[in-house]
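In order, the protein sequence lines correspond to chains A and B.
Letter 141 of the first sequence, counting from 1, is numbered 141 in my numbering, and no numbers are missing.
Remember, my numbering sits 1000 above the position in the second sequence when you count from 1.
Ideal Cβ placement from N, Cα and C applies to all residues, glycine included.
Nothing here was measured: the structure is a model prediction, and the numbers come from that model.
There are 2 protein chains.
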Amino acid sequence: MSALEAYMRRQRERIDAALAEYFPVDPPHPHRLFEAVRYSLLGGGKRIRPILVLATCEAVGGDSQRALPYACAIEMIHTYSLIHDDLPAMDDDTMRRGRRTNHVVFGDALAILSGDALLTEAFTVLAQSAASDPEPARAWRATREIAEAAGVRGMVGGQAADIAAQGVTPALAMVEYIHVRKTGAMLLAAVRVGATIGGADEASLRPLTRYGECIGLAFQIADDILDAEAPSAVTGKAEGRDTQLHKATFPAVIGLPAAKQRARELLEQALAALRGFDARAEPLRDLARWVVARACEP
Amino acid sequence: MSALEAYMRRQRERIDAALAEYFPVDPPHPHRLFEAVRYSLLGGGKRIRPILVLATCEAVGGDSQRALPYACAIEMIHTYSLIHDDLPAMDDDTMRRGRRTNHVVFGDALAILSGDALLTEAFTVLAQSAASDPEPARAWRATREIAEAAGVRGMVGGQAADIAAQGVTPALAMVEYIHVRKTGAMLLAAVRVGATIGGADEASLRPLTRYGECIGLAFQIADDILDAEAPSAVTGKAEGRDTQLHKATFPAVIGLPAAKQRARELLEQALAALRGFDARAEPLRDLARWVVARACEP
Chain A
1 MSALEAYMRR
11 QRERIDAALA
21 EYFPVDPPHP
31 HRLFEAVRYS
41 LLGGGKRIRP
51 ILVLATCEAV
61 GGDSQRALPY
71 ACAIEMIHTY
81 SLIHDDLPAM
91 DDDTMRRGRR
101 TNHVVFGDAL
111 AILSGDALLT
121 EAFTVLAQSA
131 ASDPEPARAW
141 RATREIAEAA
151 GVRGMVGGQA
161 ADIAAQGVTP
171 ALAMVEYIHV
181 RKTGAMLLAA
191 VRVGATIGGA
201 DEASLRPLTR
211 YGECIGLAFQ
221 IADDILDAEA
231 PSAVTGKAEG
241 RDTQLHKATF
251 PAVIGLPAAK
261 QRARELLEQA
271 LAALRGFDAR
281 AEPLRDLARW
291 VVARACEP
Chain B
1001 MSALEAYMRR
1011 QRERIDAALA
1021 EYFPVDPPHP
1031 HRLFEAVRYS
1041 LLGGGKRIRP
1051 ILVLATCEAV
1061 GGDSQRALPY
1071 ACAIEMIHTY
1081 SLIHDDLPAM
1091 DDDTMRRGRR
1101 TNHVVFGDAL
1111 AILSGDALLT
1121 EAFTVLAQSA
1131 ASDPEPARAW
1141 RATREIAEAA
1151 GVRGMVGGQA
1161 ADIAAQGVTP
1171 ALAMVEYIHV
1181 RKTGAMLLAA
1191 VRVGATIGGA
1201 DEASLRPLTR
1211 YGECIGLAFQ
1221 IADDILDAEA
1231 PSAVTGKAEG
1241 RDTQLHKATF
1251 PAVIGLPAAK
1261 QRARELLEQA
1271 LAALRGFDAR
1281 AEPLRDLARW
1291 VVARACEP
């Protein structure tokens, strides 16, 4: 097992344990809703976003235990977005992370409510943990960052633009617009929130923001490439689903070789942004390399 | 125009103006999402919840200008819940506030996203306004209160229980369970948040909580009665929609006369809870009377 694999497994275990506590197996009520939430929230997943929160917090010398609720909130928001995006009214996906999607198992009504529950619970977690934070200004800044990244100028806006672009072949600028908002904003928020809670000053926050922007976009380009190339056993989704939906993707607009080239450039820029950081930023560097290698190595 | 009508109109104008600013007519992007959000958020509505926030803040001697963002956030959350509840996968309602529902006009995908956008924006507003709050502890408490009332143990949980109960004739205890969570929790939160931001102490918060619980339940019973009795011109919804859906309602379980009796009792209890408050609580008393009178007077 590589150093990164061991690191990711360790962090994933912390995150999974914390997430499970927020939605207990045997809630007083209503069982079926909790079951639906747990199905999607605890059903695997690489936990890239929460790992980025913890890794960035550690990279700036912070105590990642304090960042854990923020990591969980971001993963809840990510999971809600997957559940809603998979709905028949949206992308109509039936497979996710190698399992049937939430609405296929629990029906559309509970899938909508599970997403709503996760989004709301994320902010409950933020409000609860911030109440005990010795530095309220930091906590507010992080909460605001997450809300804005998830909202109309971030993830939800990106998803709306994505849906509007389906069926037409959008220009490269529009594909980038969608990716930056739909996926990039929350990945960037994960990095910036980890840094904020870790106590980063402005001088550290700037290069970390650059790192977050680069891997945010690289991550989505890599995802597009995997969707176009990899069998569904690797992606956990139905094969070539983006192509079926005529989704706005980098490979569709600039071709696979150029998309891979762009991902590699973004990796270089991400690594360059971390040049001033010491060994504690190694997991961040490894994560960036891993994101791109998954899609671009033979 | 009665004193209450004048009061409600004045507060409604403040709230409507503030809400409109959060979703400008001409956003950079994506137009259609903002249009869908504005359609539901600014398409009328009695604004009971935000008025309760402002009225309670004023009743305890607070500056209701500081409570305005909280009032707006609560109305955004209420509007999101209506949009999602109306979806074909949920209650499949086509009329709301006398107009076609969001998904009928904009399609299911944008309706889901509009709801997601409103829920997220509510917390953006809370995080933004709290950041400038001179008393962060209060702001956190209010934000947490709203998040919990909207979540799995509140509104979303109530909606899940409501859907699970459709088609069966539930026991009175289950109807009350659903109402307390689905509608009551947010109405109670409106009262408690107004009190919190207004600077209420524990001694004031306790009776106001009692008031909020009583009018929360009375409001939903009144709504059930109106749905069963009033023509759709009054409710703005399709007539007898609850009955069609075999919804868990008070009239369905205990009959109309007993439901009206219960609403009147709750009004008495709400007024009794406010006994120790001075004239500044008059709008709260009038609101309670109005809620019950709408449904229970000949």
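CA-to-CA distance, residue j to residue i, given in whole angstroms
i, j, result
"residue 292(A)", "residue 215(A)", "9 Å"
"residue 1274(B)", "residue 1151(B)", "28 Å"
"residue 241(A)", "residue 1286(B)", "57 Å"
"residue 1220(B)", "residue 1173(B)", "15 Å"
"residue 110(A)", "residue 1156(B)", "10 Å"
"residue 114(A)", "residue 1297(B)", "39 Å"
"residue 104(A)", "residue 1008(B)", "45 Å"
"residue 1189(B)", "residue 158(A)", "31 Å"
"residue 53(A)", "residue 70(A)", "8 Å"
"residue 58(A)", "residue 133(A)", "18 Å"
"residue 1034(B)", "residue 1024(B)", "8 Å"
"residue 290(A)", "residue 74(A)", "21 Å"
"residue 1135(B)", "residue 1197(B)", "9 Å"
"residue 1185(B)", "residue 270(A)", "46 Å"
"residue 121(A)", "residue 1001(B)", "42 Å"
"residue 80(A)", "residue 1230(B)", "38 Å"
"residue 1182(B)", "residue 1154(B)", "6 Å"
"residue 1237(B)", "residue 199(A)", "52 Å"
"residue 1084(B)", "residue 1140(B)", "27 Å"
"residue 67(A)", "residue 116(A)", "23 Å"
Status (buried if at least 16 other CB within 10 Å, exposed otherwise) for residue i
i, result
"residue 1192(B)", "buried"
"residue 125(A)", "buried"
"residue 1061(B)", "exposed"
"residue 1005(B)", "exposed"
"residue 1065(B)", "exposed"
"residue 204(A)", "buried"
"residue 1026(B)", "exposed"
"residue 255(A)", "exposed"
"residue 257(A)", "exposed"
"residue 1098(B)", "exposed"
"residue 268(A)", "exposed"
"residue 17(A)", "exposed"
"residue 1047(B)", "buried"
"residue 45(A)", "buried"
Cutoff 7 Å: residue i Cβ touching any chain B Cβ
i, result
"residue 163(A)", "yes"
"residue 42(A)", "no"
"residue 118(A)", "no"
"residue 89(A)", "yes"
"residue 30(A)", "yes"
is_contact[residue i, chain A] using C-beta, thresh 7 Å
i, result
"residue 1094(B)", "no"
"residue 1026(B)", "no"
"residue 1112(B)", "yes"
"residue 1018(B)", "no"
"residue 1108(B)", "yes"
"residue 1170(B)", "no"
"residue 1160(B)", "yes"
"residue 1033(B)", "yes"
Among the options, the one whose alpha carbon lies nearest that of residue i
i, options, result
"residue 1167(B)", "1244(B), 1064(B) and 1054(B)", "1244(B)"
"residue 1232(B)", "1187(B), 1093(B), 1207(B) and 1120(B)", "1093(B)"
"residue 1165(B)", "1246(B), 1057(B) and 1083(B)", "1246(B)"
"residue 1253(B)", "1203(B), 1176(B) and 1266(B)", "1176(B)"
"residue 259(A)", "280(A), 217(A) and 278(A)", "217(A)"
"residue 14(A)", "31(A), 55(A), 36(A) and 35(A)", "55(A)"
"residue 1072(B)", "1162(B), 1106(B), 1194(B) and 1030(B)", "1194(B)"
"residue 128(A)", "1131(B), 1128(B), 1137(B) and 1129(B)", "1137(B)"
"residue 1131(B)", "131(A), 121(A), 144(A) and 123(A)", "144(A)"
"residue 1213(B)", "1187(B), 1147(B), 1236(B) and 1294(B)", "1187(B)"
"residue 1262(B)", "1223(B), 1149(B) and 1051(B)", "1223(B)"
"residue 171(A)", "200(A), 251(A), 208(A) and 238(A)", "251(A)"
"residue 1211(B)", "1019(B), 1022(B) and 1266(B)", "1266(B)"
"residue 42(A)", "142(A), 102(A), 284(A) and 208(A)", "102(A)"
Any non-hydrogen atom of the ligand GDP within 6 Å of residue i CB
i, result
"residue 47(A)", "Although the ligand GDP was asked about, the structure shown includes no ligands whatsoever."
Q) Which residues, taken in chain order from the region 1057-1072 of chain B, show a beta carbon closer than 8 Å to some beta carbon of chain A? A) none
Q: Residues of the region 181-211 of chain A with a CB closer than 8 Å to any CB of chain B: list them in chain order, please.
A: none
Q. What residues from the region 1259-1291 of chain B come within 8 Å of chain A, judged by C-beta to C-beta, listed N to C?
A. none
Q. At a Cβ cut of 7 Å, what residues of the region 1143-1156 of chain B count as close to chain A, listed as they run along the chain?
A. 1143, 1144, 1147, 1148, 1150, 1151, 1152 and 1156
Q | Interface residues of the region 72-87 of chain A facing chain B [CB-CB below 9 Å] | A | 77, 80, 81, 84 and 87
Q | Proximal residues, the region 1120-1135 of chain B versus chain A, C-beta separation under 7 Å | A | 1120, 1121, 1123, 1124, 1127, 1128, 1130 and 1131
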